[in-house]
Amino acid sequence: MSDQHSHPTESLQEFQVLARSTDRDLIRSLAERLIADDGQAALIRHELEALLNDERRSGRGGVIKALRRSPLVGSDIEFERAKGGDREIEF
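Each residue of the sequence shown is one higher than the last, beginning at 1 in the UniProt record's numbering.
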């Protein structure tokens, strides 16, 4: 067994994260999988990095992109709004 695997805690660091309580088990499970530092951990890292990079790249214009993916695009539906006087609003 390599020295890295015989003393795995030597390269580990403890982190404190702020997250939703409902994500606690998920985050712990993720950390445990990543500690293994095996093929599955590498795959998880790769997938998470790709997901986060995609979100960073698409940070602006997300609403517009979602609207453009709508099945109603190109359906020529016209929406009209009443152009009458003031509307009553109840609080």
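Glycine included, each C-beta is placed from N, C-alpha and C at the ideal position.
Three-way DSSP call (helix, strand, coil) for residue i in this model
| i | result |
| --- | --- |
| Lys65 | helix |
| Ser21 | helix |
| Glu47 | helix |
| Arg28 | helix |
| Ile77 | coil |
| Ala41 | helix |
Inter-residue spacing [alpha-carbon to alpha-carbon] between residue i and residue j
| i | j | result |
| --- | --- | --- |
| Val73 | Arg81 | 20 Å |
| Glu32 | Ile89 | 53 Å |
| Leu67 | Asp54 | 18 Å |
| Gln40 | Thr22 | 24 Å |
| Glu14 | Arg28 | 12 Å |
| Ala36 | Arg20 | 25 Å |
| Glu47 | Asp76 | 39 Å |
| residue 114 | Leu12 | Absent from the structure is residue 114, since the part of the chain shown begins at 1 and ends at 91. |
| Arg87 | Ile64 | 28 Å |
7 Å Cβ shell around residue i - same chain, five flanking residues per side excluded
| i | result |
| --- | --- |
| Leu18 | none |
Test item: CB-CB of residue i and residue j under 8 Å
| i | j | result |
| --- | --- | --- |
| Ile44 | Leu52 | no |
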